[in-house]
Structure formats: C-alpha cells, structure tokens
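J.: Mapping the sequence shown onto my numbering, position 42 (from 1) lands on 48, and the numbers just tick up by one. Shown below is the structure under consideration.
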Amino acid sequence: MPITPQEALLRCIEHREIFHDEMLYLFRQIMSGEMSPTMIAALTMGLRVKKETIGEIAAAAQVMREFSTKVPMADTTNLLDIVGTGGDGAHTFNISTASMFVAAAAGARVAKHGGRSVSSSSGSADVLDSLGVNINLQPEQIAQSIAQTGIGFMYAPNHHAAMKHAAPVRKELGVRTIFNILGPLTNPAGAPNILMGVFHADLVGIQVRVLQRLGAQHAIVVYGRDNMDEVSLGASTLVGELVNGEIREYEIHPEDFGMSMIASRNLKVADAAESKAKMMEALRGEPGAAADIVALNAGTALYAAGVASSIEDGLARARAAVSSGAALAKLDQFVQVTQQLGTPAQA
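As structure tokens, this is what we get:
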C-alpha cells in the first residue's frame, strides 16, 4: 500500500524521513489534484518544521519536472539557468536577469526560468515585461529564441500548470514551504548547468546535493553572507560547486577578484522601474556597484556554463561583453526577437 498523506504527516511530526518512492507518490497526488488543500497545507508545513531532507527535495523536484511543460532542446551544450530562490529580503535589483544578458553576450546560452515578484521588489518577469520582452512565448518559440539570441525566458506559471493545485494553499499559508526551493530545480529546458542563489546558508550544501541527485552537470549554488541569493559584494559568499559528479564547498570574497566591498543597500530598489534603471546602468557599464555585481555574477555564470575556465576568467569575459556594448545589444536583440516570435494577444 502506498503511503497516505496522514501517514506522511505523522512521519513529519515524529521527525522521520519520507522515502523517495513515497515522496514521488505524495507529490504526484498534489500535482494531479488528488490531495485535498487541507492535506497539502498540513504536509508542506510538516516538512518545513521537520526540515526537508536532500532525498525529499530531490523526489519532489523530480515530480515537478515530470508534470512541467518542457521546452524542446536538441542540444544543451553550454546551456545554463541563472536563478535565485528569492526570499532573501534584500530587495536588490534583478542582478541575475541583468547577468543573463552579459553571460549570453559572452557566449553562454541561457534558459532562464522565473516569475513575478513574490517577496522581492521586482521579479524577473516584472522587469523583463517592463523592458518590452514578450514573456508568454510557446515552448517551441522559446527554443527558437535560444537558437537566435542565446536567451530564452520561461515564465514559470506557463510551464507548471499542475502547481495550480498548491498555489491557493501557498498563498494562504504565507510562509516558505518546500515549493520555494523547488522552482529553481525544475528548469523546463533541462539546462544541465546552473548558477543558483539561495536564501539561507544551510541551503547551499542541500541544494547542490539535490542537483547532484537530479543529474546536473555543472552547478554553482551561492549564498552571500549579507543575506543575498547572489554572489555578493557586501560580504563573503558561500559556494557549493558540483562538477563531474564531485562536490566542493568553499567561500569567496570580493577582494579575491580585485573588487571593493560594497554594502548591499547600494543595490536596493523599490519597484520594477527602479530595477530596470539599475539594470540598464549595469549593462551600459557605468562605474559603480551595479556594474560590478552584475559582472561578478555573470562571470560566475560563464564558469558554470563551461564557457570560462574559472570565475576570474568569466569575470574578464563579462567585463569585455559590457565594455564592447555586446551586453546592451543582446538585450535589444532579445526584446526584438521575442516580440517577433510572439503571437499578438487575442482580443
């Protein structure tokens, strides 16, 4: 007999693990709409209080991938996702979204998976929308966008329709659950490489091991000690790196890359309009904190994608892409191509 949600809840109360096959069964029930909202709420809170294990998260992510609407990619060489869990409370501008344009201009192919703001001032979808990007392309059109520009944006709600069963519960609970850490693990284009920012130091080691179980190729999971889900300039950054099946955990500092420490408050924004302004400042290469943090994160992304041999090499490539104007041109190209590929909105 498969495990019941009630048995799983009891397991959580007793601080015992739910096994892989059991998690697969439970999350298939959630995604198919078979589990009641009451039990979804109870189970996700039970897991949160118990603390989700690597095995539990990996199994849940596997199911979310199963139920997702995929982007058909024949070739995933140098394909990368740059994504954050959000929830870091830093309210910075969209650093990972700006980094995407720089990394693509320097030779990576980026399949970015994101949504609208939940806990931040502006989500990736909010700022891309404000830039004129069509964020509602069909999966085949996203694949074409990657082929033509080196960038594809996958608006999460369009790829995870099965999440509708859990969405009202998540909203009503209003606290972090396992779903907050599943999104970044479920790239619909199957990107084998990833730069992932997380909202808590403990998640660095957890998420990199989950990615190992899920078969990632080169994964870099980061947490800035000033509570940022990015490579930080305001403090040291904890790193969990998976390469060739092996995991290394270490710490990096802005000084390692010849950069000055800059408090994260210099990167704060209030809304999508301010985020867009900071992004443009960084892509134009205007000297300052915005340009520096985007270059550092794009450099780390280029290393994760296999385009650069190290973060230092990636940083040099990122700076060259900005100073040559290639990063700004990549943004313009992406806006134009998504508009051309997208079908007009139905009246």
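Heads up, the beta-carbon is just placed ideally off N, CA and C, and yes, glycines get one too. On a predicted model such as this, the values are computed, not experimentally measured, just so you know.
(1) Does the Cβ-Cβ distance between L179 and L217 come in under 9 Å?
(2) What residue range is occupied by the uninterrupted alpha helix (DSSP H) comprising V300?
(3) Within its chain, find whatever has a CB closer than 6 Å to the CB of Q223; leave out the 5 residues flanking it on each side and keep chain order.
(4) What are the partner residues of F159, as DSSP defines its beta bridges?
(5) In this structure, does DSSP put N199 in helix, strand or coil?
(6) Alpha carbon to alpha carbon, how far is L244 from E257?
(7) Take V55 as the anchor and find which of Q35, E20, T103 and T75 has the nearest alpha-carbon.
(8) Pull the bridge partners of L85 from the DSSP assignment, please.
(9) Can you tell me the Cα-Cα spacing of S266 and A311, whole angstroms?
(10) According to DSSP, what are the bridge partners of M45?
(11) Using three-state DSSP, classify V341 as helix, strand or coil.
(12) Indicate whether V228 and G246 have their beta-carbon atoms separated by less than 9 Å.
(13) Is S125 helix, strand or coil by DSSP?
(14) Would I46 and A172 qualify as a contact pair, given that the criterion is a beta-carbon distance under 9 Å?
(15) In whole angstroms, give me the CA-to-CA distance for F185 and G331.
T.: To lay it out plainly:
(1) no
(2) A295 to A311
(3) P198 and N199
(4) K118
(5) strand
(6) 5 Å
(7) E20
(8) R115
(9) 26 Å
(10) In DSSP, M45 forms no bridge with anything.
(11) helix
(12) yes
(13) In this prediction, S125 has a pLDDT of 49, which is less than 50 and means its spatial position is unreliable; nothing more can be read from the coordinates.
(14) yes
(15) 38 Å
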